[in-house]
Amino acid sequence: MALVVSVLPLALYAFSSRAGDLGLYFRTARAFLDGATPNQDFRFEYPPYALLWFVPAAWLAGTQKAFVTLFGLQLTLFDAFIKWLLLSEGVRRWGRSPRAWVPLAVYSVASWVQSIHYVKRYDLIPAAFVLAALVALSRRRELLAGLALAVAVVTKLYPVVLVPLALAVCWRRGGWSASRRLVLGLALGVLPLVPLSAFWPWWGFASFHVDRGLQVESLGASLLWTAHLLGWVPEVAWVHSTAAVELQGAAAEWVNRASRWVWAVGSLTSAAVGLWAVRHRAPERVEDLARLALGPLTAFVVLNSVLSPQYLVWLAGAAGLALLSGSRWPPAAIFLAAVLTRSIHIGATHSGTGPVFTGVLLLRNGLLLAAGCWLVREAWRSVAPSRTRVKAGAPPPCARLAGGG
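Each residue of the sequence shown is one higher than the one before, starting from 0 at the first, in numbering that gives the first Met the number 0.
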């Protein structure tokens with residue numbers, strides 16, 4: 000019953016006439032069904048599997064209005080799957096304790112508040128596969144984990160930051176045998192790209208994102224706009240571009256370039272810390288694995304020069320699992336950031352450029368940055384107790400000298 004209650008509001012919202020990005024999904028899917036080739040006959044800005052998720056609803060729907068409803072209901076199924084996983088893992092961990100319901104309850108509230116982005120963008124699909132991969136990996140089902148992770152990557156790309164972590168976990172726990180099963184799953188997941196490459200230059204989507212500007216909701220943009228409001232950087236323009244609302248001007252171009260370097264270094268560093276932690280201690284519980292995954296995922300989101308509101312969906316599933324044990328404030332901060340994201344918008348548009356909007360945006364980005372830093376610090380410090388125990392169990396240097404000859 001709780002699962003039905005958590006899903007029902009979103010199922011009803013699927014019948015809303017608000018299209019959001021669903022209009023773009025419908026047009027591209029219809030063009031594909033009519034024989035056009037993506038990135039040749041029309042620009043397709045997403046990884047290739049994304050289009051394959053659009054096609055069934057577009058094939059069944061004759062109009063955009065019907066597509067909006069059908070695709071919204073399709074997303075509701077993925078929402079139900081995520082919430083079922085959160086509930087089942089909570090019960091598996093805590094039984095009948097009220098704590099078992101915390102991940103489902105918190106995630107459900109966030110999904111309702113974010114409904115305008117949650118069921119009007121397709122980001123829920125890769126998020127469901129990422130969560131499935133984490134659960135499968137925690138249960139030592141490496142083949143399934145690799146398959147789910149590969150599908151997520153070729154649907155939205157961002158889960159690629161989790162591939163090294165998954166490989167490290169498999170190698171640490173099961174050596175070559177477990178790693179081979181994960182790699183096999185990854186290979187099976189990307190195998191359809193081989194026939195697709197014969198007629199579809201699917202890799203062309205990357206060129207679209209290389210040319211993106213500094214989106215107003217990103218961390219760098221929020222800091223720059225604050226400086227502009229304070230009169231420190233006067234020549235900054237708020238511009239509605241093709242794909243998003245961006246800051247433009249000489250200062251914005253510099254911040255955009257710097258943000259890309261910070262994003263790359265920060266994402267790689269957080270991933271490296273996770274690998275270092277796994278090298279010393281493999282995570283056994285699903286929430287431990289989720290916390291390790293949240294480090295690079297949060298860095299990938301908050302340090303990016305493009306931070307669309309639906310990106311918070313990428314973090315919500317793992318944050319729900321992370322609530323099962325350990326410090327609750329990093330996942331709670333992520334959920335609060337998701338709720339604040341809704342307050343930045345009125346309808347489908349930004350609520351303004353004034354100090355209130357900027358203050359909320361700074362708070363949202365600050366919460367994400369603080370949560371990410373805490374999670375990376377937590378992964379770093381998690382190694383210290385095990386190393387301390389090893390040293391405590393070893394004979395003192397004088398004993399080794401006395402007995403070693």
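Glycine included, C-beta positions come from ideal geometry on N, C-alpha and C.
A quick note: this is a predicted structure, and the numbers were derived from the prediction, not measured.
Top-ranked residue by Cα proximity to residue i, from the options
i, options, result
"residue 172", "288, 88 and 64", "288"
"residue 100", "340, 342, 372 and 322", "322"
"residue 7", "24, 82, 17 and 41", "82"
"residue 118", "332, 157 and 14", "14"
"residue 212", "369, 241 and 73", "241"
"residue 381", "11, 97, 357 and 281", "281"
"residue 107", "214, 19 and 4", "4"
"residue 187", "224, 226, 147 and 9", "147"
"residue 218", "193, 277 and 307", "307"
"residue 368", "300, 343 and 325", "300"
"residue 260", "275, 285, 302 and 244", "302"
"residue 133", "296, 12 and 359", "296"
"residue 32", "41, 11, 371 and 58", "58"
"residue 216", "310, 230, 61 and 72", "310"
"residue 39", "251, 197, 338 and 258", "197"
"residue 16", "374, 246, 54 and 72", "72"
"residue 116", "373, 366, 358 and 19", "19"
"residue 139", "170, 155 and 150", "170"
"residue 376", "12, 341 and 276", "276"
"residue 61", "90, 29, 92 and 53", "29"
"residue 145", "157, 155 and 161", "161"
"residue 166", "151, 150, 185 and 156", "185"
"residue 52", "69, 41, 64 and 42", "69"
"residue 329", "353, 370 and 342", "370"
"residue 229", "354, 151, 194 and 249", "354"
"residue 246", "231, 227, 262 and 263", "227"
"residue 113", "343, 372 and 374", "343"
Chain B within 8 angstroms of residue i, Cβ atoms only
i, result
"residue 84", "As a matter of chain content, chain B is missing from the structure shown, which is built from one protein chain."
Reduced DSSP secondary structure (H/G/I, E/B, other) of residue i
i, result
"residue 245", "strand"
"residue 14", "coil"
"residue 236", "strand"
"residue 73", "helix"
"residue 200", "coil"
"residue 214", "strand"
"residue 37", "strand"
"residue 287", "helix"
"residue 62", "coil"
"residue 231", "coil"
"residue 19", "coil"
"residue 43", "coil"
"residue 190", "coil"
"residue 325", "coil"
"residue 166", "helix"
"residue 381", "coil"
"residue 353", "coil"
"residue 347", "At residue 347 the pLDDT is 43, less than 50, meaning the model places this residue with poor confidence and gives no usable figure here."
"residue 51", "helix"
"residue 360", "helix"
"residue 223", "helix"
"residue 7", "helix"
"residue 339", "helix"
"residue 1", "helix"
"residue 401", "Note on residue 401: pLDDT 40, under 50, position unreliable in the model; the coordinate value appears next. Helix."
"residue 156", "coil"
Whole-angstrom C-beta distance between residue j and residue i, which should lie under 8 angstroms
i, j, result
"residue 36", "residue 50", "Actually they do not touch by this definition, with Cβ atoms about 11 angstroms apart."
"residue 304", "residue 255", "5 angstroms"
"residue 189", "residue 153", "6 angstroms"
"residue 164", "residue 273", "5 angstroms"
"residue 47", "residue 253", "Going by Cβ atoms, the distance from residue 47 to residue 253 rounds to 34 angstroms, so no, they are not a contact pair."
"residue 474", "residue 285", "No information on residue 474 is available, as it lies outside the stretch 0 to 404 that the chain covers here."
"residue 224", "residue 357", "6 angstroms"
"residue 130", "residue 84", "6 angstroms"
"residue 56", "residue 41", "Wrong, their Cβ atoms sit about 18 angstroms apart, outside the cutoff."
"residue 135", "residue 143", "4 angstroms"
"residue 193", "residue 214", "Residue 193 to residue 214, Cβ: 34 angstroms. No contact."
Note to self: Quick check: the stretch 278-293 against the stretch 314-329, are at least 3 beta-carbon pairs closer than 8 angstroms?
What the structure shows: Judged by Cβ distances under 8 angstroms, the stretch 314-329 makes contact with the stretch 278-293, as three or more pairs qualify.
Notebook entry, point to check: Are three or more beta carbon pairs between the stretch 225-243 and the stretch 256-269 nearer than 8 angstroms?
Noted result: No, the stretch 225-243 is not in contact with the stretch 256-269.
Notebook entry, point to check: Counting pairs of Cβ atoms below 8 angstroms between the stretch 119-139 and the stretch 71-79, do you hit three or more?
Noted result: In the pairwise beta carbon analysis, the stretch 119-139 is classified as touching the stretch 71-79: at least three pairs are separated by under 8 angstroms.
Next item on the list: Check whether the stretch 309-317 touches the stretch 328-338, taking contact to mean three or more Cβ pairs, one atom from each stretch, closer than 8 angstroms.
Entry: Touching, per the Cβ criterion.
Note to self: With three or more C-beta pairs closer than 8 angstroms as the rule, is the stretch 198-213 touching the stretch 169-187?
What the structure shows: Using a C-beta cut-off of 8 angstroms, the stretch 169-187 makes no contact with the stretch 198-213, since fewer than three inter-stretch Cβ pairs fall below that distance.
Notebook entry, point to check: Can you give, in chain order, each stretch of the alpha helix (DSSP H) that sits fully within the stretch 90-147 and has at least 4 residues?
Noted result: Correct list: 101-112, 114-117 and 123-137.
Notebook entry, point to check: Which full runs of the alpha helix (DSSP H) of 4+ residues lie inside the stretch 247-314, going along the chain?
Noted result: The qualifying runs are 249-279 and 285-301.
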